[in-house]
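Everything on this sheet refers to the single structure shown next.
In my numbering, the protein residues as written are 65 to 486.
Set out below in structure tokens:
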């Protein structure tokens, strides 16, 4: 499941404490004309809806509750919003028992498993103005050439820079890295005793972003072939390893930080690679850290990044699929995506909101730039364990016990085994 985006403080929104949202009395449909029911999106006798979310906190929960309340008031359909304790486990239990929630978050790495099992209702052809949603985000939720669900938000990695450290090193905005050579040079200039130039979480997400910029990735675009053990990926890992050996790059755990945001916020690194969720973490945990986010530098393969998203899944077993589709269309409308961005910080999934997002949240603009050239998480069932092993291989690479070649060979072998089982 993807990491959740930054949270913003609540004002009076916390007053919306109840998870159940009730509409005004009445069905909201014209009993004499079934066409009105179709127009509102809810079938005759469709009944109430349940929405299950993997919430990042109170701000996100309240924002979804309030949006559901607005739709419920318009449609006359009751909606219950349920913040999950363990979203994947609760969804699997609901699917197995034949009583899943009607609408729910789905991450790219779980999407294909649910789609192959027949658990999802494919409503992509009913999404209003679907072409406005970034293509890579739609690709993440497309199975057998059919778009199944609407991406609710999205974002890419950006390079986050400590502006005080940057200025102290004699660097200016003109020195923001445009390519890997400039990134390595900047990291060297920023490295001091007790501080590394660039540190990031040592897992497949940021490393995958470097692999994309290097012209490679874990799998091909349609995820039918493992493409790990390639010259492009080897050159990428060798680039990272070379700078780690020089002491200017580091994985966050190797400098006593849990993740890139902590390494950066605590001053153990002057740069990091993270998604938009770092904004809230810095505001909450390291408010004195001055920073700027810029697009990731281009590698030999160009400028590219991993993208992060979730979609609004609808259960194949839902008793009110028409109502669920209408609710989702409401939730992914430009107006509601703007409300979500203001409430808890996610980057809108609609390209038409890019300029608005950059103007409203200039500090987050880099986390949306380049979305068109991004790739989302691998959705092949079982591949998460393959990437977990790759993380272990990367740790060994940083420690000098695993070579880049060995890490990629293990990834290739394990990935092919996962693909063979799919």
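For each residue, glycine too, the CB sits at the ideal point set by N, CA and C.
On a predicted model such as this, the values are computed, not experimentally measured, just so you know.
Would a C-beta distance cut-off of 8 angstroms place residue i and residue j closer than the cut-off?
{"i": "residue 224", "j": "residue 342", "result": "yes"}
{"i": "residue 134", "j": "residue 445", "result": "no"}
{"i": "residue 156", "j": "residue 293", "result": "no"}
{"i": "residue 215", "j": "residue 467", "result": "no"}
{"i": "residue 434", "j": "residue 364", "result": "no"}
{"i": "residue 387", "j": "residue 110", "result": "yes"}
{"i": "residue 337", "j": "residue 447", "result": "no"}
{"i": "residue 283", "j": "residue 170", "result": "no"}
{"i": "residue 251", "j": "residue 261", "result": "yes"}
{"i": "residue 458", "j": "residue 271", "result": "yes"}
{"i": "residue 327", "j": "residue 316", "result": "yes"}
{"i": "residue 370", "j": "residue 273", "result": "yes"}
{"i": "residue 395", "j": "residue 181", "result": "no"}
{"i": "residue 113", "j": "residue 384", "result": "yes"}
{"i": "residue 391", "j": "residue 143", "result": "yes"}
{"i": "residue 311", "j": "residue 255", "result": "yes"}
{"i": "residue 172", "j": "residue 212", "result": "no"}
{"i": "residue 128", "j": "residue 168", "result": "no"}
{"i": "residue 188", "j": "residue 210", "result": "yes"}
{"i": "residue 154", "j": "residue 148", "result": "yes"}
Please name the residue, chosen from the options, that lies closest to residue i on a Cα-to-Cα basis.
{"i": "residue 253", "options": "315, 307, 375, 185", "result": "307"}
{"i": "residue 196", "options": "164, 179, 217", "result": "217"}
{"i": "residue 356", "options": "460, 240, 283, 267", "result": "240"}
{"i": "residue 401", "options": "392, 210, 159, 412", "result": "412"}
{"i": "residue 207", "options": "288, 113, 261, 255", "result": "288"}
{"i": "residue 297", "options": "138, 362, 276", "result": "276"}
{"i": "residue 440", "options": "349, 174, 403", "result": "174"}
{"i": "residue 486", "options": "178, 132, 130, 160", "result": "178"}
{"i": "residue 258", "options": "269, 431, 314, 453", "result": "314"}
{"i": "residue 268", "options": "350, 210, 475, 451", "result": "451"}
{"i": "residue 202", "options": "414, 484, 483", "result": "414"}
{"i": "residue 220", "options": "330, 449, 431", "result": "431"}
{"i": "residue 438", "options": "366, 399, 465, 469", "result": "366"}
{"i": "residue 286", "options": "200, 311, 141, 382", "result": "200"}
{"i": "residue 477", "options": "138, 382, 449", "result": "449"}
{"i": "residue 229", "options": "333, 461, 419", "result": "333"}
{"i": "residue 375", "options": "482, 303, 205", "result": "205"}
{"i": "residue 222", "options": "335, 480, 484", "result": "335"}
{"i": "residue 318", "options": "460, 145, 146, 482", "result": "460"}
{"i": "residue 381", "options": "403, 321, 158", "result": "158"}
{"i": "residue 453", "options": "484, 368, 479", "result": "479"}
{"i": "residue 119", "options": "146, 141, 138, 420", "result": "146"}
{"i": "residue 139", "options": "238, 483, 389", "result": "389"}
{"i": "residue 278", "options": "368, 403, 419, 482", "result": "368"}
Rounded to whole angstroms, how far is the Cβ of residue i from the Cβ of residue j, which I believe are closer than 8 angstroms?
{"i": "residue 301", "j": "residue 463", "result": "Contact doesn't hold; Cβ gap of about 14 angstroms is too wide."}
{"i": "residue 455", "j": "residue 340", "result": "At roughly 22 angstroms, the Cβ-Cβ gap does not stay under 8 angstroms, so residue 455 and residue 340 are not in contact."}
{"i": "residue 377", "j": "residue 184", "result": "5 angstroms"}
{"i": "residue 190", "j": "residue 362", "result": "Not really, about 38 angstroms apart at Cβ, beyond 8 angstroms."}
{"i": "residue 329", "j": "residue 346", "result": "6 angstroms"}
{"i": "residue 198", "j": "residue 399", "result": "Not confirmed; about 18 angstroms, so no contact."}
Please find out if some non-hydrogen atom of the ligand FAD comes closer than 7 angstroms to the beta-carbon of residue i.
{"i": "residue 375", "result": "Ligands are entirely absent from the displayed structure, and the ligand FAD is therefore not among its contents."}
(request) Please list the segments of the beta strand (DSSP E) lying wholly inside the segment 373-451, counting only runs of 3 or more residues, in order along the chain. (result) Counting only runs of 3 or more residues that sit fully inside the segment 373-451, the beta strand (DSSP E) segments are 375-378, in chain order.
(request) Return the chain-ordered ranges of every alpha helix (DSSP H) run that is complete within the segment 162-234 and spans a minimum of 4 residues. (result) List check, alpha helix (DSSP H) in window: 172-180, 199-204, 227-232.
(message) Between the segment 417-433 and the segment 156-171, can you find at least three pairs of beta-carbon atoms closer than 8 angstroms?
(response) The answer is no - the segment 417-433 does not touch the segment 156-171, with fewer than three Cβ pairs under 8 angstroms.
(request) Could you tell me whether the segment 242-251 touches the segment 306-320, using the rule of 3 or more Cβ pairs below 8 angstroms? (result) Enough Cβ pairs lie closer than 8 angstroms, so yes.
(request) Flag this pair as touching only if the segment 118-126 and the segment 404-414 have three or more C-beta atom pairs under 8 angstroms; answer yes or no. (result) Short answer: they touch.
(message) I'd like the ranges of any alpha helix (DSSP H) spanning at least 4 consecutive residues and lying wholly in the segment 117-156.
(response) Counting only runs of at least 4 residues, the segment 117-156 fully encloses the following alpha helix (DSSP H) elements, listed from N- to C-terminal order: 122-139.
(request) Give, in chain order, every unbroken run of the alpha helix (DSSP H) that is at least 4 residues long and sits entirely within the segment 281-320. (result) Entirely contained in the segment 281-320, the alpha helix (DSSP H) runs reaching 4 residues are, in chain order, 295-309.
(request) Run through the segment 231-284 for me and flag every whole beta strand (DSSP E) of 3 or more residues, listed as ranges in chain order. (result) Runs of beta strand (DSSP E) with 3 or more residues, each lying fully within the segment 231-284, are found at 260-264, listed in chain order.
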